[in-house]
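Convert by adding 268 to the 1-based position in the sequence shown; the result is the number in my numbering.
The beta carbon of each residue, even a glycine, is placed where N, CA and C say it ideally should be.
Worksheet: the structure to be examined is printed underneath.
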Amino acid sequence: MRLSQVLFVFAASFVFTSDAISVLTQANHVQVTKVSSTGDQRLLRAHRLPSDEEVESDDDSLEERMYGLSAEAERKLIAFANSLGVDLEKAMTNATYMASFQRSKEYGEYLTFLNALKKEARLKKTPRFR
């Protein structure tokens with residue numbers, strides 16, 4: 269290497285290790301401005317109460333989740349489950365009860381009856397396209 273290159277490397281390493289460069293790095297820092305305080309109030313999300321129309325639409329969505337069955341068919345299904353000795357409300361809320369119900373022979377009868385009700389509901393609906 270030439271002497272000029274060695275001196276250049278030495279000078280560069282000296283500049284980087286000294287505090288001469290710290291003035292340049294301080295200029296690159298972002299300064300945070302202080303915003304006026306909002307006081308003791310916290311910004312929380314507000315939850316609004318549903319209107320009557322929204323409550324009615326929730327009932328409609330519940331019907332869609334019940335396999336598209338009418339209220340009458342739903343009552344038939346609940347009555348049939350009760351005749352089998354099954355509490356459907358408990359089955360929907362208690363996973364252990366539902367699992368034991370699904371392993372029983374009554375579950376097969378329940379599914380057969382449910383599928384018949386679903387098929388009947390499909391036949392009652394008018395076709396969308398002709």
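The alpha helix (DSSP H) enclosing residue i, as first and last residue numbers
i: residue 391; result: 373 to 392
i: residue 343; result: 339 to 352
Residue i, DSSP secondary structure in three states
i: residue 281; result: helix
i: residue 368; result: helix
i: residue 272; result: helix
Rounded straight-line distance, which links the Cα of residue j to that of residue i
i: residue 275; j: residue 286; result: 16 Å
i: residue 381; j: residue 371; result: 17 Å
i: residue 357; j: residue 366; result: 10 Å
i: residue 385; j: residue 364; result: 26 Å
i: residue 378; j: residue 343; result: 14 Å
i: residue 368; j: residue 361; result: 13 Å
i: residue 273; j: residue 281; result: 12 Å
i: residue 277; j: residue 283; result: 10 Å
i: residue 271; j: residue 279; result: 12 Å
i: residue 354; j: residue 376; result: 12 Å
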